[in-house]
Amino acid sequence: MKLAAKLILIFLVGVFAVVSLFAWQTVQRQHAWQRQQREAHAHELVETMQSAIDSVAGSNSRVTFRQAVEVTMEQRGGPRMRWIDGQEVPSAEQQTVARSMSSVSVTDANGTRTAYSYVPLNVDGKKMGTVEVSQPISEQDSFVRDSVYASLLSLLGVAGLSALVIYWGGVQLVGKPLDKLIEQVNQIGEGKLDQPPALTCHDELGRLAAAISQMSHRLSAQRDTIRHTDRLGTIGTLAAGVAHELGTPLNVVSGRAGLIASGKLSPEEVVSSAQTIKSESERMTTIIRQLLDFARQTPSPHGVIELREIVSRTCDLMRPLVRKSEAELVFESTDTLMEIDGDAAQVQQVLTNLISNAIAAMPNGGTVTVSLGSDEDTDRVWVDVRDTGVGIRAENLNQVFEPFYTTKDVGEGTGLGLSIAYGIVREHGGDITVDSKQGQGTTFRVCFPRHTNR
Numbered sequence: 000m001k002l003a004a005k006l007i008l009i010f011l012v013g014v015f016a017v018v019s020l021f022a023w024q025t026v027q028r029q030h031a032w033q034r035q036q037r038e039a040h041a042h043e044l045v046e047t048m049q050s051a052i053d054s055v056a057g058s059n060s061r062v063t064f065r066q067a068v069e070v071t072m073e074q075r076g077g078p079r080m081r082w083i084d085g086q087e088v089p090s091a092e093q094q095t096v097a098r099s100m101s102s103v104s105v106t107d108a109n110g111t112r113t114a115y116s117y118v119p120l121n122v123d124g125k126k127m128g129t130v131e132v133s134q135p136i137s138e139q140d141s142f143v144r145d146s147v148y149a150s151l152l153s154l155l156g157v158a159g160l161s162a163l164v165i166y167w168g169g170v171q172l173v174g175k176p177l178d179k180l181i182e183q184v185n186q187i188g189e190g191k192l193d194q195p196p197a198l199t200c201h202d203e204l205g206r207l208a209a210a211i212s213q214m215s216h217r218l219s220a221q222r223d224t225i226r227h228t229d230r231l232g233t234i235g236t237l238a239a240g241v242a243h244e245l246g247t248p249l250n251v252v253s254g255r256a257g258l259i260a261s262g263k264l265s266p267e268e269v270v271s272s273a274q275t276i277k278s279e280s281e282r283m284t285t286i287i288r289q290l291l292d293f294a295r296q297t298p299s300p301h302g303v304i305e306l307r308e309i310v311s312r313t314c315d316l317m318r319p320l321v322r323k324s325e326a327e328l329v330f331e332s333t334d335t336l337m338e339i340d341g342d343a344a345q346v347q348q349v350l351t352n353l354i355s356n357a358i359a360a361m362p363n364g365g366t367v368t369v370s371l372g373s374d375e376d377t378d379r380v381w382v383d384v385r386d387t388g389v390g391i392r393a394e395n396l397n398q399v400f401e402p403f404y405t406t407k408d409v410g411e412g413t414g415l416g417l418s419i420a421y422g423i424v425r426e427h428g429g430d431i432t433v434d435s436k437q438g439q440g441t442t443f444r445v446c447f448p449r450h451t452n453r
């Protein structure tokens with residue numbers, strides 16, 4: 000709408016300027032033409048009485064010249080004429096008038112305008128005086144005013160019609176399509192990618208809509224690639240903890256298998272050792288399966304998921320890494336059902352990033368507490384990940400979710416984990432906040448809207 004208003008304003012200013020210039024030129028040409036007509040008419044009048052003036056020229060009497068002019072005026076009628084001799088011209092301007100033909104217009108006290116034409120009169124090459132021809136020009140002024148009014152009406156008509164055309168074109172052909180494109184761009188900015196073209200027309204706006212759609216699909220593919228890369232990076236970190244975690248059951252399996260192979264065990268002890276081997280094998284299988292599932296998970300359409308189950312599974316996956324760091328992981332559960340709409344793999348990735356950062360913030364060990372809660376007033380559920388680490392400086396809190404921001408040493412982090420987590424949470428309609436005090440620890444809270452049956 001603003002663009003259409005600007006186009007209308009610019010066009011109207013241009014139309015007003017052009018029409019005003021045309022009207023001014025028309026008025027000037029009309030005045031010039033009328034002046035020429037008056038001067039030509041006055042000159043013709045003087046020429047028609049030239050014979051009468053020549054007949055009395057020999058008398059050299061001013062009264063005779065004046066009488067000749069008056070008689071001619073009475074016989075011909077029309078404009079008034081008056082004889083002016085050289086002695087009756089008091090000013091230099093009037094003397095100039097007397098030497099060459101000219102015209103002036105005068106407005107009296109009543110507002111009536113009269114045009115005076117001064118025609119010099121020469122007899123036998125000698126200047127004898129000037130004939131003043133006066134003509135009222137009220138009708139001519141009225142004609143000029145009518146011309147100006149007609150120009151103004153034409154201006155208003157053209158301006159009004161143009162404004163309607165531009166407004167309709169600006170709103171229907173430009174404004175509304177642009178609003179659709181802006182809305183789609185905002186949705187892409189909020190993380191709603193894989194957008195179809197907002198317009199199907201074949202003009203420049205249609206090409207722009209197609210380009211925006213293609214961009215959204217490319218961004219979606221790149222986003223999934225970055226998230227999977229980040230997940231694989233986390234796998235590398237978890238692998239060290241898993242390797243340490245697998246050491247104990249492997250030693251148990253090896254020892255029990257050795258005892259069975261020695262043949263020194265009773266049948267009951269063989270069965271007990273076999274059951275121990277089976278139990279430890281299942282434990283190792285579970286750990287490895289969790290790790291592989293996390294590495295292979297890909298984004299899927301959002302569905303109803305149980306948040307408590309995802310948090311519990313993530314804590315189980317992260318415990319080997321926590322124990323290797325000489326820290327403790329505490330999961331504070333609740334019996335309340337916490338269903339949300341989302342993607343389990345992406346929610347697990349968010350929690351994994353937060354717990355990994357909590358472990359990294361406690362180089363000397365500490366406690367990572369993961370707790371669940373809900374707010375009945377806002378119908379939202381939340382997960383808190385709290386550590387007892389070094390904390391974050393107050394001036395850096397606004398930067399923690401920015402891409403590539405990290406406080407880790409070179410080679411230990413890319414600074415994308417929290418940025419990716421923030422994007423995932425926003426896509427799920429939630430929000431993520433951080434509260435930290437330097438030297439006392441940090442708490443990240445992730446909120447999701449609760450699933451509602453509609």
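Under numbering that gives the first Met the number 0, the residue at position 399 of the sequence shown is numbered 398, and the numbers go up by one with no gaps.
Ideal placement from N, C-alpha and C gives every residue a C-beta, glycine not left out.
- Between Arg255 and Ser272, the C-beta spacing is below 7 Å.
- Val380 places its beta carbon 7 Å or farther from that of Leu328.
- Phe330 carries a strand assignment under DSSP once its states are collapsed to helix, strand and coil.
- Cα atoms of Ser324 and Ile354: separation of roughly 12 Å, rounded to the nearest angstrom.
- The alpha-carbon of Ile286 is positioned some 16 Å away from that of Asn250.
- The C-alpha of Thr199 is placed about 18 Å away from the C-alpha of Gly168.
- For Ser133, the closest alpha carbon among the candidates Val45, Tyr166, Gly205, Lys436 is that of Val45.
- In this structure, Val269 and Ile259 form a Cβ contact; the two beta carbons are roughly 6 Å apart against a cut-off of 8 Å.
- For Cys314, the enclosing alpha helix (DSSP H) covers residues 306-323.
- With respect to the 7 Å criterion, Phe447 and Gly422 are not classified as neighbours on the basis of their beta carbons.
- Secondary structure of Met283 (DSSP, three-state): helix.
- Remark: fewer than three beta-carbon pairs, one from each stretch, lie closer than 8 Å, so the region 390-398 and the region 341-357 are not flagged as touching.
- When beta bridges are read from the DSSP output, Trp381 appears opposite Gly372, Cys446.
- Listed in chain order, the non-local C-beta contacts of Asn352 below 6 Å within the same chain comprise Gly416, Ala420, local neighbours out to five positions each way being set aside.
- For a cut-off of 8 Å, the C-beta gap from Ile165 to Phe10 is around 6 Å, short enough to register as a contact.
- Between Val252 and Glu279, the C-beta spacing is below 7 Å.
- When Cβ pairs closer than 8 Å are counted between the two stretches, the region 141-161 is seen not to touch the region 174-193, the count staying below three.
- Straight across, the Cα-Cα distance linking Ser261 with Glu267 is about 15 Å.
- Between Ile136 and Ser104 the beta-carbon gap is near 7 Å, inside 8 Å, which marks them as a contact.
- Looking at the DSSP output, Met80 sits in a beta bridge with Val132.
- Between Val369 and Ile309, the CB-CB gap reaches or exceeds 7 Å.
- Under the DSSP assignment, Lys436 falls in the beta strand (DSSP E) whose first and last residues are 430-436.
- Contact between Gly440 and Gly390 is confirmed by a C-beta separation of about 6 Å, below the 8 Å threshold.
- When C-alpha distances from Val445 are compared across Lys436, Val118, Arg425, Glu138, the shortest belongs to Arg425.
- A Cβ-Cβ distance of about 19 Å is found for the pair Ala220 and Ala208, leaving them out of contact under the 8 Å criterion.
- Under a 10 Å Cβ-count criterion, Phe21 is classified as exposed, with fewer than 16 other Cβ atoms of the shown protein chains found around its own Cβ.
- Burial is judged here by how many other beta carbons sit within 10 angstroms of a residue's own beta carbon; Ser435 has at least 16 and is buried.
- Thr387 sits away from Leu350, with the two beta carbons spaced by 7 Å or more.
- In the three-state scheme derived from DSSP, where H, G and I count as helix and E and B as strand, Glu338 is classed as strand.
- Secondary structure note for Asp193: it is in no alpha helix (DSSP H), with a DSSP letter that is neither H nor E.
- The alpha carbon of Arg79 has as its nearest neighbour, out of Gly156, Ser116, Pro248, Arg206, the alpha carbon of Ser116.
- In the three-state scheme derived from DSSP, where H, G and I count as helix and E and B as strand, Arg392 is classed as coil.
- With 16 or more neighbouring CB atoms inside 10 Å of its own CB, Gln194 falls in the buried class.
- The C-alpha of Pro248 lies about 13 Å from the C-alpha of Pro319.
- Counting along the chain, no alpha helix (DSSP H) covers Ala360, and no H or E run does either.
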